[in-house]
Amino acid sequence: MSEEKTCACSTSPKLVFSCSGAADVGALADLTARRLSSESCGRMACLAAIGAGLGSFAEAAKSASVILAIDGCRTDCALKILERAGVEGVSHARITDLGFVKGSSPMTAENVSILFEY
């Protein structure tokens, strides 16, 4: 009996949004999101467009199968922007909760690799 193959292209996307703040932990959040996207773990999407009130971007986020927000610090800008736009079911990671210290966490490939493994 042969199994029917189906295309996964019609499934809802897995979206990754990140803080890209001025602090080192914000930059680490951004670089980690970019790595997740480049390794096909999800597709990085534009948080700034949602913050700017561009409705089509928020609607795309609402239809995603998985939504990950990565914030650098406890201000949680990425999460708050998504919540304000009415996006629900967001999984959230905060870089400072993973042992990184704001102002003392250089943007190195090693640090991005550590975060990627979480």
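If you count the sequence shown from 1, position 22 lands on 635 in my numbering, and the numbers rise without skipping.
Built from N, CA and C at the ideal position, the CB exists for glycine as well.
Quantities reported herein were computed from a predicted structural model and do not represent experimental measurements.
request  = Go ahead and label M720 buried or exposed: buried means 16 or more other beta carbons lie within 10 angstroms of its beta carbon, across all protein chains shown.
outcome  = exposed
ask   = Going by other Cβ atoms of all chains shown within 10 Å of its Cβ, with 16 needed for buried, is A635 buried or exposed?
value = exposed
ask   = Per DSSP, what kind of secondary structure is K627 in: helix, strand or coil?
value = strand
query = Using a Cβ-Cβ cut-off of 6 Å (strictly less than) and excluding sequence neighbours within five positions of V679, which residues of its own chain qualify?
reply = K627
query = For I694, which option in G712, I727, C659 and S717 has the closest C-alpha, if you only look at C-alpha atoms?
reply = C659
ask   = Going by the CB atoms, is the gap between A682 and F630 shorter than 8 Å?
value = yes
key: Supposed contact pair D637 and S726 - C-beta distance, whole angstroms, cut 8 Å   = That pair is no contact at about 16 Å.
request  = Give a yes or no on whether 8 Å exceeds the smallest Cβ distance from S633 to chain D.
outcome  = Absent from the structure is chain D; it holds one protein chain and no more.
query = Can you tell which of F670, A691 and A665 has its C-alpha closest to the C-alpha of I708?
reply = A691
key: Enclosing beta strand (DSSP E) for I708 [first to last residue]   = Premise fails: I708 is in no beta strand (DSSP E) and is neither H nor E.
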